[in-house]
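Some notes on the structure that comes next.
Number of protein chains: 2
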Amino acid sequence: MGPEEFRAAGHELIDWIADYRARIPQLPVQAQVSPGEVAAKLSARAPEQAEPFSHVLADLDGVVVPGVTQVQHPHYFGWFPSNASLASVLGDLATSGLGALGITWQSAPALTEVEEVVVDWLRELTALPKSWKGAIQDTASSACLVALLAARERATNYSEARGGLQAENAPLTVYTTEHAHSSIAKGVALAGFGRDNLRLVGVDPVTYAMRPEALAAALEADVAKGLRPAAVVASIGTTGTTAVDPLAQIIPLARRYGMWVHVDAAMAGSALLLPEMRWLADGVEGADSLAWNPHKWLGTVLDCSLLYVADPGHLIRVMSTNPSYLRSAVDGQVTQYKDWGIPLGRRFRALKLWFHLRLDGAEAIRARLRRDLDNARWLAEQVSARPGWRVLAPANLQTVVLRHEPAGLVSGTGAVLDADALNAHTLSWADQVNASGAALVTPSLLDGTWSVRVSIGAESTERQDVEELWDLLKQAAETNGTRSAA
Amino acid sequence: MGPEEFRAAGHELIDWIADYRARIPQLPVQAQVSPGEVAAKLSARAPEQAEPFSHVLADLDGVVVPGVTQVQHPHYFGWFPSNASLASVLGDLATSGLGALGITWQSAPALTEVEEVVVDWLRELTALPKSWKGAIQDTASSACLVALLAARERATNYSEARGGLQAENAPLTVYTTEHAHSSIAKGVALAGFGRDNLRLVGVDPVTYAMRPEALAAALEADVAKGLRPAAVVASIGTTGTTAVDPLAQIIPLARRYGMWVHVDAAMAGSALLLPEMRWLADGVEGADSLAWNPHKWLGTVLDCSLLYVADPGHLIRVMSTNPSYLRSAVDGQVTQYKDWGIPLGRRFRALKLWFHLRLDGAEAIRARLRRDLDNARWLAEQVSARPGWRVLAPANLQTVVLRHEPAGLVSGTGAVLDADALNAHTLSWADQVNASGAALVTPSLLDGTWSVRVSIGAESTERQDVEELWDLLKQAAETNGTRSAA
Numbered sequence: 027m028g029p030e031e032f033r034a035a036g037h038e039l040i041d042w043i044a045d046y047r048a049r050i051p052q053l054p055v056q057a058q059v060s061p062g063e064v065a066a067k068l069s070a071r072a073p074e075q076a077e078p079f080s081h082v083l084a085d086l087d088g089v090v091v092p093g094v095t096q097v098q099h100p101h102y103f104g105w106f107p108s109n110a111s112l113a114s115v116l117g118d119l120a121t122s123g124l125g126a127l128g129i130t131w132q133s134a135p136a137l138t139e140v141e142e143v144v145v146d147w148l149r150e151l152t153a154l155p156k157s158w159k160g161a162i163q164d165t166a167s168s169a170c171l172v173a174l175l176a177a178r179e180r181a182t183n184y185s186e187a188r189g190g191l192q193a194e195n196a197p198l199t200v201y202t203t204e205h206a207h208s209s210i211a212k213g214v215a216l217a218g219f220g221r222d223n224l225r226l227v228g229v230d231p232v233t234y235a236m237r238p239e240a241l242a243a244a245l246e247a248d249v250a251k252g253l254r255p256a257a258v259v260a261s262i263g264t265t266g267t268t269a270v271d272p273l274a275q276i277i278p279l280a281r282r283y284g285m286w287v288h289v290d291a292a293m294a295g296s297a298l299l300l301p302e303m304r305w306l307a308d309g310v311e312g313a314d315s316l317a318w319n320p321h322k323w324l325g326t327v328l329d330c331s332l333l334y335v336a337d338p339g340h341l342i343r344v345m346s347t348n349p350s351y352l353r354s355a356v357d358g359q360v361t362q363y364k365d366w367g368i369p370l371g372r373r374f375r376a377l378k379l380w381f382h383l384r385l386d387g388a389e390a391i392r393a394r395l396r397r398d399l400d401n402a403r404w405l406a407e408q409v410s411a412r413p414g415w416r417v418l419a420p421a422n423l424q425t426v427v428l429r430h431e432p433a434g435l436v437s438g439t440g441a442v443l444d445a446d447a448l449n450a451h452t453l454s455w456a457d458q459v460n461a462s463g464a465a466l467v468t469p470s471l472l473d474g475t476w477s478v479r480v481s482i483g484a485e486s487t488e489r490q491d492v493e494e495l496w497d498l499l500k501q502a503a504e505t506n507g508t509r510s511a512a
Numbered sequence: 027m028g029p030e031e032f033r034a035a036g037h038e039l040i041d042w043i044a045d046y047r048a049r050i051p052q053l054p055v056q057a058q059v060s061p062g063e064v065a066a067k068l069s070a071r072a073p074e075q076a077e078p079f080s081h082v083l084a085d086l087d088g089v090v091v092p093g094v095t096q097v098q099h100p101h102y103f104g105w106f107p108s109n110a111s112l113a114s115v116l117g118d119l120a121t122s123g124l125g126a127l128g129i130t131w132q133s134a135p136a137l138t139e140v141e142e143v144v145v146d147w148l149r150e151l152t153a154l155p156k157s158w159k160g161a162i163q164d165t166a167s168s169a170c171l172v173a174l175l176a177a178r179e180r181a182t183n184y185s186e187a188r189g190g191l192q193a194e195n196a197p198l199t200v201y202t203t204e205h206a207h208s209s210i211a212k213g214v215a216l217a218g219f220g221r222d223n224l225r226l227v228g229v230d231p232v233t234y235a236m237r238p239e240a241l242a243a244a245l246e247a248d249v250a251k252g253l254r255p256a257a258v259v260a261s262i263g264t265t266g267t268t269a270v271d272p273l274a275q276i277i278p279l280a281r282r283y284g285m286w287v288h289v290d291a292a293m294a295g296s297a298l299l300l301p302e303m304r305w306l307a308d309g310v311e312g313a314d315s316l317a318w319n320p321h322k323w324l325g326t327v328l329d330c331s332l333l334y335v336a337d338p339g340h341l342i343r344v345m346s347t348n349p350s351y352l353r354s355a356v357d358g359q360v361t362q363y364k365d366w367g368i369p370l371g372r373r374f375r376a377l378k379l380w381f382h383l384r385l386d387g388a389e390a391i392r393a394r395l396r397r398d399l400d401n402a403r404w405l406a407e408q409v410s411a412r413p414g415w416r417v418l419a420p421a422n423l424q425t426v427v428l429r430h431e432p433a434g435l436v437s438g439t440g441a442v443l444d445a446d447a448l449n450a451h452t453l454s455w456a457d458q459v460n461a462s463g464a465a466l467v468t469p470s471l472l473d474g475t476w477s478v479r480v481s482i483g484a485e486s487t488e489r490q491d492v493e494e495l496w497d498l499l500k501q502a503a504e505t506n507g508t509r510s511a512a
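Read top to bottom, the protein sequences are chains X and S.
Each number in my numbering comes from the position in the first sequence (counting from 1) with 26 added on.
Each number in my numbering comes from the position in the second sequence (counting from 1) with 26 added on.
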């Protein structure tokens, strides 16, 4: 395809996207397709001859859109927001159009330097320590693995350069809570620590935040057994309940044991743009690394995760390679992002952040974040005020964890009396909401019982959408057939 | 930014990209900027207020384009091709415009199912085993790490679920050659094997391919010492010289020791679209995994790497997580790609492959690949035929490794007589070519001496461009001042 053919098709596609974005409110939120239904509509073999663009565009309408859960929908309240702001979509288009290759500074100096600048813009906007340096990763999962590998290597005085982790004697241990994101346990497993050496530290029964006393006790016990505490992963804003582990107490404790502190702020990073929300990160200046995802609430189109580190030199020592074909005369003077993460080849991801911040402006982004926090507070108040409903965890951010508790299933003090019936009820009404396509919420286990997460923050979600959701939830739960069956 | 504002800006950006692509031949290939020059042109702080799109577009012209090495240029012969076909750029734009969230099948069924179908299209186009399944990863570096983690876990009977690699006794060893990509050694280090347990097996002095007898000897010696061979990484098309390790001999040997075989076909995967090139992968059906990058020569815009595995069940066992908020009723019936790699959140990358293959067609892609192979053969012939020049390795693919050897620096049989002078000469003339902006080639060490890699295969590179390059190389090397200084 040459530039002129691209120009014609590109204009069509831009119009298609603008139209699609405008009609999202009319689409079902959850994709209404069965397993295999999308695949069955596709050709089983690659085409030998070029197809006209109109065929591809028709398949976007006929096959792809109905097969996608509309996370840009104003009634999307599932998982976490996954906003793809149109400003960032333009930035990403520029990235692909340029087709730059990020392997070294030399291969695309602007790819490196725009990233350095924009990552520092975001550091300043979130008031993270001035000395920290950052790099764009694909996801917080990868960023966490990178942090755990860095922790492992610091704890073993760089065993990778010798016999590796397998040559070490006393096992290294890692600490987090059962509310930490699943990628933490995955990272611990992949980094070779072994799940037996992952400690799930106790949490406060009301806030679900890590209890520093429980961490202290776990550390003492492990050290007494001859184990070597290597890392703690603290979450500010867990996925289940947006619980906030108290960094100000955890970090000094971890420091005493020489441990690496990684802060998972995948969701809450965006909130740090608001001065009134910076309490979430109190004490963060003592951490070694922090990851947050602009591709969530901030709205820089997936995938865009930031990993900040206090000491990039350490990261580079763990991650660097230096084959002859990648060397250049300026190597000592420039940042080589290949040594800040796992992949060698990197996309020019900084452009989507750059476009997003420049075309939307920080002020409007902050106003939107505040709108969402207000909406979450409003919903939590409605839920708390209505008999038979309960908010199950502090709504620290924009996510409300709630449950409809029909009479007889939960005691006046909140003790679950009939877990099976309550679970059946919760899953039934949540499924009814989701299957209808009118809105999407996420069932989630809390203290062993199903609850429903309402995560507010799609770019297009206004107060009225939250009001409509609340009507829908009341309608679904309070008239749910399973309730009487139970 | 709303849909109508996006529509207007999007049309401008499409025109900008079409115009930019058309004028690439007029741009210098290597970015002509000094360290810090791009950053100095950018604002030090994020904008509070939205900027007009025209400002951003002006910065693309004034700051970004001059700061990017033009790997889409017809005179780009550096590293490896990194084609960003305009058809795939459209697919990537559709991905961003849709803003789908790939965390589970449920979050975007089409994201999973289009990926399954398109990855199978490419499996069939490359004649890889019918039973193999694949997933899109960001890069071959990540894919290799995933394969090494899978190898580690198979060798330790899934130690990650217990005490981890650190609880194992006899060290696991990994085998490759010194010509393998730098990501292999990095993967070995990150997976915790330790660099001491990475064996660089001897290569043939002419082809630079792994010597099966040397592998056999290394395995025997290690097993006699009580070590446990866990994996071999064989390259088909090394980065330095496109050497092809003989899979048909390596794999049966590895099988005898129960080792995991990962095939790094990052570059050569594209060549497998051509039946006449399938000898590269002879014997591959016995491998456990293979990675190749459509974002290289094939031309699907970065980042797009395919990881195929013989047994996805094993991969899933190593990589899976199952938090409550990601469960759904269809979990047993669908593919959950989060369990096929490191990141949880995934972009809808399959669209760019789908658009690329449909809008260009397999036949035209094959013709382009054949054109590039012909051009490489032509260049190798010219170099071999000209006194004072030498082709240093078999041009198995589209890359020619060459050297200009002034009289007195190399003997008639090819022995280097004055390495320092030869290196100074080579680096000097290559640097002269690159600094001029007229073309880009990559200096690379081979047998301890600098050579020059000419990697043909930018989408726009025709025979005439290769002829112009050859004239340029002759001119630069044969009149190079350093030569007489030496």
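We put the beta carbon where it would ideally sit given N, CA and C, even for glycine.
Please read all numbers here as calculations on a predicted model, not as lab measurements.
Quick check: the Cα distance between residue i and residue j, rounded to an integer number of angstroms?
{"i": "residue 210 of chain X", "j": "residue 352 of chain S", "result": "15 Å"}
{"i": "residue 159 of chain X", "j": "residue 140 of chain X", "result": "13 Å"}
{"i": "residue 448 of chain S", "j": "residue 435 of chain S", "result": "6 Å"}
{"i": "residue 383 of chain S", "j": "residue 78 of chain X", "result": "12 Å"}
{"i": "residue 540 of chain X", "j": "residue 251 of chain S", "result": "The first residue shown for chain X is 27 and the last is 512, placing residue 540 of chain X beyond what the model contains."}
{"i": "residue 400 of chain X", "j": "residue 425 of chain X", "result": "11 Å"}
{"i": "residue 484 of chain S", "j": "residue 319 of chain S", "result": "15 Å"}
Who are the Cβ neighbours of residue i in its own chain at under 7 Å, not counting the five residues just before and after it?
{"i": "residue 509 of chain S", "result": "Interpretation of residue 509 of chain S is limited by its pLDDT of 47, a score under 50 that renders its predicted location unreliable; the figure taken from the coordinates is listed afterwards. Same-chain partners within the cutoff: 432 and 451."}
{"i": "residue 277 of chain S", "result": "287, 309, 312 and 313"}
{"i": "residue 373 of chain S", "result": "121 and 128"}
{"i": "residue 230 of chain S", "result": "237"}
Could you tell me whether any Cβ in chain S is nearer than 8 Å to the Cβ of residue i?
{"i": "residue 17 of chain X", "result": "Chain X is shown from 27 up to 512; residue 17 of chain X falls before or after that span and cannot be answered."}
{"i": "residue 27 of chain X", "result": "yes"}
{"i": "residue 449 of chain X", "result": "no"}
{"i": "residue 471 of chain X", "result": "yes"}
Under a CB-based cut-off of 8 Å, is residue i close to chain X?
{"i": "residue 479 of chain S", "result": "yes"}
{"i": "residue 105 of chain S", "result": "yes"}
{"i": "residue 37 of chain S", "result": "yes"}
{"i": "residue 150 of chain S", "result": "yes"}
{"i": "residue 305 of chain S", "result": "no"}
{"i": "residue 363 of chain S", "result": "no"}
{"i": "residue 329 of chain S", "result": "yes"}
{"i": "residue 442 of chain S", "result": "no"}
Reducing DSSP to helix, strand and coil, say where residue i ends up.
{"i": "residue 363 of chain S", "result": "helix"}
{"i": "residue 159 of chain S", "result": "strand"}
{"i": "residue 257 of chain X", "result": "strand"}
{"i": "residue 34 of chain X", "result": "helix"}
{"i": "residue 46 of chain S", "result": "helix"}
{"i": "residue 287 of chain S", "result": "strand"}
To which residues of the same chain is residue i closer than 8 Å at the C-beta, ignoring the five residues directly before and after it?
{"i": "residue 486 of chain S", "result": "50, 51, 98, 99 and 100"}
Going along the chain, which residues of its own chain have a beta-carbon closer than 6 Å to the beta-carbon of residue i, five neighbours each way excluded?
{"i": "residue 455 of chain S", "result": "502, 503 and 506"}
{"i": "residue 96 of chain S", "result": "50, 53 and 55"}
request  = Kindly provide the ranges of any alpha helix (DSSP H) runs that are 4 or more residues long and lie completely inside the stretch 375-413 of chain X, ordered along the chain.
outcome  = 376-386 and 388-411
query = Can you list, in chain order, the stretches of the alpha helix (DSSP H) that have 4 or more residues and sit fully within the stretch 289-375 of chain X?
reply = 338-345
key: Secondary structure, alpha helix (DSSP H): runs of 4+ residues fully inside the stretch 414-485 of chain S   = 445-462
message = Quick check for students: name the residue ranges of the alpha helix (DSSP H) that lie wholly in the stretch 161-237 of chain S, counting only runs of 4 or more.
response = 166-181 and 208-216
query = Which parts of the stretch 71-143 of chain X are runs of the alpha helix (DSSP H), unbroken and 4 residues or longer, counting only runs that do not cross its ends?
reply = 79-85 and 112-124
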